[in-house]
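The structure under discussion appears below in the form of structure tokens.
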Amino acid sequence: MSFLTFGVGPSKLSAETAQDLRNAADLQIAEISHRSQAFAEISRRALGGLRTFLRIPDSYHILYTSSASEAMELTIQSTVEAASF
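Read left to right, the sequence shown gives residues 63 to 147 (the working numbering).
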């Protein structure tokens with residue numbers, strides 16, 4: 063039996079995700095400048111797809127984080143009152 067985990071990693075990639083990464087490498091996605099129009103279009107489409115798939119309302123912001131650990135920490139920080147530590 064194979065399990066997929068969704069923690070901060072490391073974790074096994076699904077076959078679909080592995081193929082998506084190969085496709086991105088073939089398209090040289092990692093070589094596109096983050097300031098380019100091409101990247102802006104990829105980002106716009108990705109955010110729109112994510113918003114649709116997860117039914118995220120326009121009143122919410124979607125943040126790109128540099129790592130899963132950072133995303134987990136931001137999630138935890140947003141669940142406590144200021145200076146509750």
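We put the beta carbon where it would ideally sit given N, CA and C, even for glycine.
From a predicted model like this one, the values you see are computed outputs, not experimental measurements.
Under 8 Å between C-beta atoms of residue i and residue j
i	j	result
Ile-118	Leu-112	yes
Leu-136	Thr-127	yes
Ala-87	Ile-94	no
Simplified DSSP assignment, three categories, for residue i
i	result
Thr-127	coil
Glu-143	coil
Ile-118	coil
Arg-84	helix
Leu-75	coil
Ser-105	helix
Leu-89	coil
Which listed residue (the options) has its alpha carbon closest to that of residue i
i	options	result
His-123	Gln-90, Leu-109, Thr-79 and Ile-138	Leu-109
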